[in-house]
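Before any comments, here is the structure.
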Amino acid sequence: MNFSKFGEKFTRKAGITQLMDDLGSAMAGGDMLMLGGGNPAHIPEVQNLFRKRMEQLLAEPSGFETLIGNYDGSRGNQAFVEALADLLRNEFGWDITARNIALTNGSQNAFFCLFNLFAGEMADGSKKKILFPLTPEYIGYADAGLSDNFFAARRPSIEMLDDGLFKYHVNFDELEVGDDIGAICVSRPTNPTGNVLTDAEMLHLDSIARERGIPFIIDKAYGTPFPDIIYTEAKPIFNSNAVVCMSLSKFGLPNLRTGIVIAREEIASAIADINGVINLAPGGIGARMAMEMVRTGEIIRISREIIKPFYKRKAFQTLELFRQELGGLPYRIHKPEGALFLWVWFQDLPCTARELYERLKKRNCLVVPGSYFFPGLENEEWRHKHECIRVSFAQEDATVEQGVKIIADEVKKLYAVK
Ligand SMILES: Cc1ncc(COP(=O)(O)O)c(C=O)c1O
264 MNFSKFGEKF TRKAGITQLM DDLGSAMAGG DMLMLGGGNP AHIPEVQNLF RKRMEQLLAE
324 PSGFETLIGN YDGSRGNQAF VEALADLLRN EFGWDITARN IALTNGSQNA FFCLFNLFAG
384 EMADGSKKKI LFPLTPEYIG YADAGLSDNF FAARRPSIEM LDDGLFKYHV NFDELEVGDD
444 IGAICVSRPT NPTGNVLTDA EMLHLDSIAR ERGIPFIIDK AYGTPFPDII YTEAKPIFNS
504 NAVVCMSLSK FGLPNLRTGI VIAREEIASA IADINGVINL APGGIGARMA MEMVRTGEII
564 RISREIIKPF YKRKAFQTLE LFRQELGGLP YRIHKPEGAL FLWVWFQDLP CTARELYERL
624 KKRNCLVVPG SYFFPGLENE EWRHKHECIR VSFAQEDATV EQGVKIIADE VKKLYAVK
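Per the numbering used here, the sequence shown starts with residue 264, numbered consecutively.
Here it is as structure tokens:
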């Protein structure tokens, strides 16, 4: 098939595509232990609230017909966007209105638009990149540039902590930000590691971005105020230089594809313009499902009182399980501070994490090999990239337990034959 450059680029087997394929076929097969994907848990209390909300929508006069039968504007459902601006103003004191917000079809879509707004070939002919100041970083960023050589990235510094934990930090000594950088981007909490960059790191990155006159993109797919899957203290940042991305996915609505971009007006309206061309309008069912919860502030209570404790319990339970199963082996786990994953580092692993992944897949246990999570550092030789795996703990406890036991068993065999 004679595809364009665009076609060639996007039909290459990207890391994210492989992950989604594995996830899809594992879900279809039924007997795979899914410790791999980023699917959020089905939390019964939250799902019941959504079920009730859907029943209410259907019971309203013309509720069903409006839900399925009308396009929203290119910025997304106006009433939702206004309610969200009010909520964020009240909760955080952010100086925003509806004009600072645009919805997208999932935040994945928002990153594609934002990255290609700020990097690639610029209107003046210069070339810019998106900088990840700390990798490991989210796998889904890796192929989201329209051209090659789109990302720059830095290794972290590693702080060894007690109890077999460690924490990544931005290595500011190595963080030169040249004229070729169009924007800085971090996820906080970070997928895959569960790291939450400290307030000091965020302020430092923010000041570098302002100094360079480039946007600071903050991915809050797991952040405050919803879904609030964050187990540590962290102040949210917003200012005229920040581009904050949120999502309803980890709040429990991943299939309704609702992403949220909050930024200065010209950026929010650029996203709406791109929506218009690519999608006409973002889908509006997620916005309608969450509307009342945003208007009343319930979305914050549900996140704080149900979603956060649900994942926090699972995070620390899974950590304990690894400690029991891996005792004596040279492993460390990233300090769990948020998100749905544990990031396990097997020091001097006798094979690559990719080979470990294949071995685990044969035993019906799916994880994600760490080497995918270094967008921008693909060509850099660094053993650490091949020593880590991402383990999701979002599934049922029994599934996670079985998976951890298989991982431990396989890793013990590997170290034994060293
Ligand atoms: C850090 C991070 N950002 C963005 C996304 C994209 O999520 P969505 O497109 O469902 O909003 C994900 C999904 O797992 C994620 O982990």
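Quick reminder that beta carbons are idealized off the backbone N, C-alpha and C, glycines included.
Figure out for me which residue from the options has the closest Cα to the Cα of residue i.
| i | options | result |
| --- | --- | --- |
| T487 | M509, L424, A472, I569 | M509 |
| I541 | F573, F435, A373 | A373 |
| P613 | A661, E643, C651 | C651 |
| S655 | I670, H649, H647 | I670 |
| G441 | A416, F327, N454 | A416 |
| R451 | E600, E271, G270, A679 | E600 |
| S337 | L543, M556, S634, E588 | L543 |
| E384 | F355, L394, G408, V459 | G408 |
| D406 | K624, F375, L589, I537 | F375 |
| V667 | L298, R473, D469, L640 | L298 |
| F402 | I569, G332, L640, I447 | Looking at the sequence provided, one finds Ile at residue 402 rather than Phe. The candidate whose alpha carbon is nearest that of I402 is L640. |
| H305 | P517, G547, R352 | P517 |
| G522 | D491, G332, Q371 | Q371 |
| A657 | H432, T581, R586 | T581 |
| W608 | E621, L623, G633 | G633 |
| T461 | R473, E437, I493 | I493 |
| N642 | E328, R352, R418, A382 | R418 |
| N302 | A463, L519, E673 | L519 |
| D284 | L629, R622, Y678 | L629 |
| R586 | R527, T456, D349, L428 | L428 |
| A497 | F479, F355, F604, S503 | F355 |
I need the DSSP call for residue i, collapsed to helix, strand or coil.
| i | result |
| --- | --- |
| L298 | coil |
| K575 | helix |
| G287 | helix |
| P307 | helix |
| K498 | coil |
| F489 | coil |
| S267 | coil |
| C651 | strand |
| R275 | coil |
| Y404 | helix |
| Y334 | coil |
| A416 | strand |
| I537 | helix |
| I359 | coil |
| V663 | helix |
| P545 | coil |
| N518 | helix |
| S231 | Since the first residue of the chain shown is 264 and the last is 681, residue 231 is not available in this structure. |
| G457 | coil |
| S325 | coil |
| K513 | coil |
| S532 | helix |
| I477 | coil |
| S503 | coil |
Residues bridged to residue i by DSSP?
| i | result |
| --- | --- |
| V524 | A365, C508 |
| E384 | K390 |
| C628 | L296 |
| Y431 | I421 |
| L605 | V654 |
| T482 | According to the sequence provided, residue 482 is Asp. The question's Thr does not apply to it. Paired residue(s): S450, C508. |
| I444 | K392 |
| I596 | L428, V607 |
Buried or exposed for residue i, going by 16 or more other Cβ atoms inside 10 Å?
| i | result |
| --- | --- |
| T755 | Look at the range of the chain in this structure, 264 to 681, and you will see that residue 755 is not part of it. |
| G549 | buried |
| F266 | exposed |
| K244 | Within the shown structure, residues of the chain are numbered from 264 to 681, placing residue 244 beyond reach of any answer. |
| W645 | exposed |
| A386 | exposed |
| M295 | buried |
| R576 | exposed |
| D482 | buried |
| P638 | buried |
| N340 | buried |
| M554 | buried |
| N454 | buried |
| A578 | buried |
| I331 | exposed |
| N363 | buried |
| L466 | exposed |
| K391 | buried |
| K276 | exposed |
| Y485 | buried |
| Y620 | buried |
| S470 | exposed |
Any heavy atom of ligand 1 within less than 6 Å of residue CB: hits in chain order = The filter returns G301, G369, S370, Q371, Y401, G403, S450, N454, D482, A484, S510, S512, P517, G522, in chain order.
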